[in-house]
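**Student:** The sequence shown begins at 1 in the UniProt record's numbering and counts up by one.
Positions of the beta carbon are idealized from the N, C-alpha and C atoms, including for glycine.
If you scroll down you'll find the structure; I have some questions about it.
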Amino acid sequence: MVRWGRSEHRREGAHGNTSRDAGSSGSPERGDPTGGVALRRRLAATGPGHPAQLLEELAATAPALGTGAIQRAVAGAIADQRGTGPALEDLWLDGTVTDVLVNGDGAVWVDRGNGLQRTGVVIQDVRGLARRLAAAAGKRLDDAAPIADGRLPDGTRLHAVLAPLAATGACISLRRHRVQAVDLAAWQAGGGTGRQGMAVLLALVDARANVLISGATGSGKTTLLAAMLGRAGTGERLVCIEEARELAPVHPHVVHLQARAANVQGAGEISLADLVRAALRMRPDRLVLGECRGAEVREVLMALNTGHDGGMATVHANAAADVPARLIALASLAGMDAQATAVQAVSAIDAVVHLTRQAGRRVVSQIAVLALDSGSLVAPLAMRRVGGDLEPDHAWERLARRLEGAHR
1 MVRWGRSEHR REGAHGNTSR DAGSSGSPER GDPTGGVALR RRLAATGPGH PAQLLEELAA
61 TAPALGTGAI QRAVAGAIAD QRGTGPALED LWLDGTVTDV LVNGDGAVWV DRGNGLQRTG
121 VVIQDVRGLA RRLAAAAGKR LDDAAPIADG RLPDGTRLHA VLAPLAATGA CISLRRHRVQ
181 AVDLAAWQAG GGTGRQGMAV LLALVDARAN VLISGATGSG KTTLLAAMLG RAGTGERLVC
241 IEEARELAPV HPHVVHLQAR AANVQGAGEI SLADLVRAAL RMRPDRLVLG ECRGAEVREV
301 LMALNTGHDG GMATVHANAA ADVPARLIAL ASLAGMDAQA TAVQAVSAID AVVHLTRQAG
361 RRVVSQIAVL ALDSGSLVAP LAMRRVGGDL EPDHAWERLA RRLEGAHR
């Protein structure tokens, strides 16, 4: 069992002896007499340098330290700047970990792509860790502001909630920011779709169809979106709008716009809807919304209905059939009624590509089209996953017609 105190990294030996790793808190004279503490303080003030540069600096000021001690000191300094500290750094250095969750009792759970697993790590001061992470993300977290959403310097998503809102104690959720250059060929090679599914994905991009990618959290929506955008023509200008930058399409002309939250005085907010309106004045060949999650859906639907073809976005949904209700709910936040949303959505969106996780893989499980049924918005399936590929379903002809008549 591994336990950490407020700012210490302790490991219990086989006989219950407790040792303190290099870089743990303690007096500079005893714990780090030759420069590690000074390096951490410099990092806190100026931000981290390149690891190799830090190694050289510490080696120059502390020649008596061995290579291993220097590396541990630098790793600890970088961990302090990141906000995770030594408590979570070992987990974060595990490249297979995508999510780290800390509960009020100090238990730490991780997701390595196969569901949540409890680790042997216990955080003794979760509240303190949450506040350090929030500070690293530039967010306020205290009794007056007990919820924090933000990004750590390396792009990791942070969500933290303090007691008493979290009944059993402060809770922390971290989601790794992965900038992965994945193309559609790699998606197919990884089992994300088969030959027929791949042909349709390529056709959607080449026909400049407006595509909505749906799925649950962690289903691969952002990854597939980036892969599809990488297929866009090199002469096209892609304007990507996100709350925080995640999309990394392999393309020579990408503009990234990021929303800004209000400050502690409640001023200065720049919403996704504001950015959609701004993007329309930036001569986009493809308008891309990282995630539809609020009133900005109205701006997107209006844009896609006024000649801005080839647009793409993602939305949270458990199945393609749930997308209509999700769009209606989001549009209602902007004052649109269900009927207006239905008409706009059918006209604006050519296809819904739905993703799920199966046996640890992120796969395209459904492709649907949006349609009106007795005035209600529905999403009949055009293709569904059978075995390792997509097979036509009852709305296939409707999708084929849309591709043939799409915005070429």
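1) Measure the alpha-carbon distance for residue 373 versus residue 230 and round it to whole angstroms.
2) Where does residue 228 land, buried or exposed, given buried means 16+ other C-beta within 10 angstroms?
3) Considering only their Cβ atoms, is the gap separating residue 104 from residue 145 smaller than 8 Å?
4) Could you check whether residue 286 and residue 266 sit closer than 8 Å to each other, using their CB atoms as the reference points?
5) Specify the secondary structure class of residue 466 as computed by DSSP and reduced to three states.
6) Near residue 323, which residues of its chain fall below 6 Å by C-beta distance, leaving aside the five closest residues on each side in sequence?
7) Smallest Cα separation from residue 357: which of 108, 88, 114 and 96?
8) Just to check my reading of the structure: residue 130 and residue 160 have Cβ atoms closer than 8 Å, yes? What is that Cβ distance to the nearest angstrom?
9) When DSSP builds the beta bridges, which residues end up paired with residue 383?
10) Let's test the definition: count the other Cβ atoms within 10 Å of the Cβ of residue 170 and tell me whether it reaches 16, buried, or not, exposed.
11) Can you list, in chain order, the residues of its chain with a C-beta nearer than 7 Å to that of residue 27? Leave out the 5 residues immediately preceding and following it.
12) Please list the segments of the beta strand (DSSP E) lying wholly inside the region 294-377, counting only runs of 3 or more residues, in order along the chain.
13) Once DSSP output is grouped into helix, strand and coil, what is the label at residue 158?
14) Looking at the C-beta of residue 268, does it have a partner C-beta in chain C at a distance below 8 Å?
15) Just checking my contact of residue 136 with residue 148 at CB under 8 Å: how many whole Å lie between their CB atoms?
16) Measuring straight from C-alpha to C-alpha, what distance separates residue 128 and residue 116?
17) Candidates 319, 280 and 295: which alpha carbon is nearest residue 303's?
18) For residue 196, does the three-state DSSP call read helix, strand or coil?
19) Is residue 217 helix, strand or coil by DSSP?
20) What do you get for residue 93, buried or exposed, if any count of 16 or more other CB atoms within 10 angstroms of its CB means buried?
**Tutor:** From the atom records:
1) 35 Å
2) buried
3) no
4) no
5) Residue 466 lies beyond the stretch modelled for the chain, which goes from 1 to 408, so this question has no answer here.
6) 214, 317, 352 and 379
7) 114
8) 4 Å
9) 367 and 392
10) buried
11) With a pLDDT of 39 at residue 27, under the threshold of 50, the predicted position of this residue should be treated as unreliable, and no value is reported.
12) 312-316, 351-358, 361-368 and 371-373
13) strand
14) The structure shown contains no chain C; it holds only a single protein chain.
15) Residue 136 to residue 148, Cβ: 11 Å. No contact.
16) 24 Å
17) 280
18) helix
19) coil
20) exposed
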